[in-house]
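Worksheet: one structure, shown below.
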Amino acid sequence: MRRLLLTFIQLGVTLYLSSLPGLEAKRGSIGDVTLKEFESLLNSQQFLGVYWYGKNCRTCDRILSELDKKVPELEESGVKLVKLNDKKTAKKYGIRSFPSLTFFKGGDPLNFQGDLSNEEDTMDFLTGPDALNMPDRIEEVQAPQLRKLIESQEYIAVLFYISNQEQSSKVIDSLEMIDEKADKLGVAFVKINDLELVEEYQLGDLPSLVYYRNSVPIVYEGSLTSGEKVLEWIIQNRSTGDEGDVIEDVNIESLETLVSSLDYIAVLFYDASSRKADILLELLEKIDDDCDAKGVHFVKLNAETGTEAISTKYGVNSLPTLVFFNTRVPNVFDGQLMDGPTVLQWIVNQVDAENIEEVTGTMLHRLVKNSKRLVVLFCKYIGYAIIAVTHTCYLLRNYDLNSGNKKFLPPQKVKGLAVEG
Numbered sequence: 000m001r002r003l004l005l006t007f008i009q010l011g012v013t014l015y016l017s018s019l020p021g022l023e024a025k026r027g028s029i030g031d032v033t034l035k036e037f038e039s040l041l042n043s044q045q046f047l048g049v050y051w052y053g054k055n056c057r058t059c060d061r062i063l064s065e066l067d068k069k070v071p072e073l074e075e076s077g078v079k080l081v082k083l084n085d086k087k088t089a090k091k092y093g094i095r096s097f098p099s100l101t102f103f104k105g106g107d108p109l110n111f112q113g114d115l116s117n118e119e120d121t122m123d124f125l126t127g128p129d130a131l132n133m134p135d136r137i138e139e140v141q142a143p144q145l146r147k148l149i150e151s152q153e154y155i156a157v158l159f160y161i162s163n164q165e166q167s168s169k170v171i172d173s174l175e176m177i178d179e180k181a182d183k184l185g186v187a188f189v190k191i192n193d194l195e196l197v198e199e200y201q202l203g204d205l206p207s208l209v210y211y212r213n214s215v216p217i218v219y220e221g222s223l224t225s226g227e228k229v230l231e232w233i234i235q236n237r238s239t240g241d242e243g244d245v246i247e248d249v250n251i252e253s254l255e256t257l258v259s260s261l262d263y264i265a266v267l268f269y270d271a272s273s274r275k276a277d278i279l280l281e282l283l284e285k286i287d288d289d290c291d292a293k294g295v296h297f298v299k300l301n302a303e304t305g306t307e308a309i310s311t312k313y314g315v316n317s318l319p320t321l322v323f324f325n326t327r328v329p330n331v332f333d334g335q336l337m338d339g340p341t342v343l344q345w346i347v348n349q350v351d352a353e354n355i356e357e358v359t360g361t362m363l364h365r366l367v368k369n370s371k372r373l374v375v376l377f378c379k380y381i382g383y384a385i386i387a388v389t390h391t392c393y394l395l396r397n398y399d400l401n402s403g404n405k406k407f408l409p410p411q412k413v414k415g416l417a418v419e420g
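Printed below as a string of structure tokens:
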């Protein structure tokens, strides 16, 4: 009898506690918000999910019960999920029936068009790559999410900042200009406002940028308001030395970013399926450190699967080919690639000398298309001597970009630039 009485007392206490307001939110379930609270969250949350429901709706209650279980996972992904019973506000966002789900990304709404009872589709809508990707904006993360990213991402740059701080705002604006370029290089860029984490990581003044490669941190010591310098630093530190003298592999997209971001870059276009490729790479990797010492970033691109695209973009018609880019201007090495010292000396000369770069026809078309001003000297070879076709340099203007045969229109002569024959 006493045991039965105790059971009833425990049951009564449980029922009473469950009826207390705010207890549900403490358990980490989806909190009910007012219109005013919703508007405040809309301004403060980068990723906000709103579950629209109606009263006396069994389907709403059933789906809400399932979504409640996903709150911890959503919080780890940086997504705040709330519920709102307001027909007028729901109608404003195109909601006509309940239950419904709207995802706000940076304040912009997107309504879920699928089946809310499909757990996988619903979570992908809220936490998938497309959902959490912010074009030209650095993604905001929370501490649990950041720890997972550091463990899972090979390259990740983390900006620790202070909310509503003028200097932090300036830095964020500057770094968001390079976010897309970093992404093309395979470097994830995120930001976090967490003073406890700053203390845990023993960081100094904020804002502060920490770059992680395979979970190994490097703190940036320069000015964070120069986005291009930060990007160059990230590129230079993509290798932390744990891979030895290995020339970095890139794809066409990341190469475009590197060429546009660095002053000096040497690119080996090669065929990975070739028997000679391994021997050539072994030889050239011996000069990689020497290139680094001269400020030259050395990369390689397997052109086997994209020969046509490579030929179109860079005028590389045979493999292997080495191209050196000096502030985006390409120059092709025409010597023996198996001779490492000669290749190194040629690269050093490209950095030190102030020579006129020699280009192929395809490269010239590319330069004309991408350059605001360009001076071109047309010449021909007689043995090893270069004889100018004319004693005048030409400034190419009015280039016909729409012409399929890439013909030059009459160039404008630049007076006073005589060329000695």
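The sequence shown begins at 0 in numbering that gives the first Met the number 0 and counts up one residue at a time. Beta carbons: idealized from backbone N, C-alpha and C, even for Gly. On a predicted model such as this, the values are computed, not experimentally measured, just so you know.
Which residues DSSP lists as bridging residue i, in chain order
i    : result
K79  : L47
G502 : This structure cannot settle anything about residue 502, because the visible part of the chain is limited to 0 through 420.
V215 : R212
D248 : K299
V328 : N325
L267 : K299, L321
K35  : DSSP output for K35 lists no bridge partner at all.
Residue i, buried or exposed, once every other Cβ within 10 Å from all chains shown has been counted against 16
i    : result
N192 : buried
S214 : exposed
N316 : exposed
D106 : In the sequence as presented, Asp is not what sits at residue 106; that position holds Gly. Exposed is the call here.
Y383 : Residue confidence is low: Y383 scores 36 on pLDDT, short of 50, so the model does not pin down where it sits. Its coordinate-derived value is still stated next. Y383 is exposed by the Cβ-count criterion.
A265 : buried
R212 : buried
K68  : exposed
P319 : buried
P98  : buried
A292 : exposed
K90  : exposed
S260 : buried
V374 : exposed
E139 : buried
L283 : buried
S167 : buried
E65  : exposed
G314 : buried
Other residues of its chain near residue i: CB distance less than 6 Å, five sequence neighbours each side excluded
i    : result
L148 : I155
Y92  : T101, P108
S39  : none
Span separating the alpha-carbon of residue i from that of residue j
i    : j    : result
I234 : T58  : 52 Å
D204 : L131 : 29 Å
E49  : L174 : It is worth fixing the name first, because residue 49 is Val in this sequence and not Glu. Their backbone Cα atoms lie some 30 Å apart in a straight line.
S162 : F46  : 17 Å
V347 : P329 : 15 Å
A181 : F188 : 7 Å
N110 : Q152 : 30 Å
Q349 : L80  : 56 Å
G113 : E199 : 42 Å
L280 : L202 : 40 Å
D277 : A271 : 8 Å
A302 : R274 : 15 Å
G221 : L158 : 13 Å
R295 : Y263 : The sequence as given places Val at residue 295; Arg does not occur at that position. Rounded to whole angstroms, V295 to Y263 spans 5 Å at the Cα level.
R26  : R237 : Unreliable placement is indicated for R26, whose pLDDT of 45 sits below 50; the coordinate value is still reported in the next sentence. Straight-line Cα distance between these residues: approximately 42 Å.
G339 : D351 : 18 Å
D60  : P216 : 46 Å
T326 : V258 : 8 Å
D333 : V245 : 23 Å
D123 : V342 : 50 Å
I94  : L73  : 22 Å
K190 : E119 : 27 Å
E165 : I171 : 10 Å
Q44  : W345 : 54 Å
V322 : L41  : 50 Å
Chain-order list of residues whose beta-carbon lies under 7 Å from that of residue i (same chain, five-residue window excluded)
i    : result
L196 : A142
L194 : none
Y52  : C59, L63, K82, N84, F97, P98
S28  : D67, V70
Q335 : T341
F297 : I246, A265, D287, C290
Beta-carbon proximity list for residue i, same chain, < 8 Å, skipping 5 on both sides
i    : result
L300 : D248, V249, N250, I251, L254, V266, L267, F268, Y269, I309
Y219 : S207, L208, V209, Y210, V229, W232
K169 : T224
Q144 : E75, S76, G77
K54  : N84
Cβ-heavy atom distance, residue i to the ligand NAD, below 7 Å
i    : result
Y263 : Ligands are entirely absent from the displayed structure, and the ligand NAD is therefore not among its contents.
To test your reading of the DSSP string, which unbroken beta strand (DSSP E) runs of 3 or more residues are found completely within the stretch 277-326?
296-301, 320-325
Ignoring anything shorter than 3 residues or poking outside the stretch 66-130, list the beta strand (DSSP E) runs there in chain order.
79-83, 99-104, 107-110
Those runs of the beta strand (DSSP E) which lie wholly inside the stretch 139-180 and span at least 3 residues:
154-159
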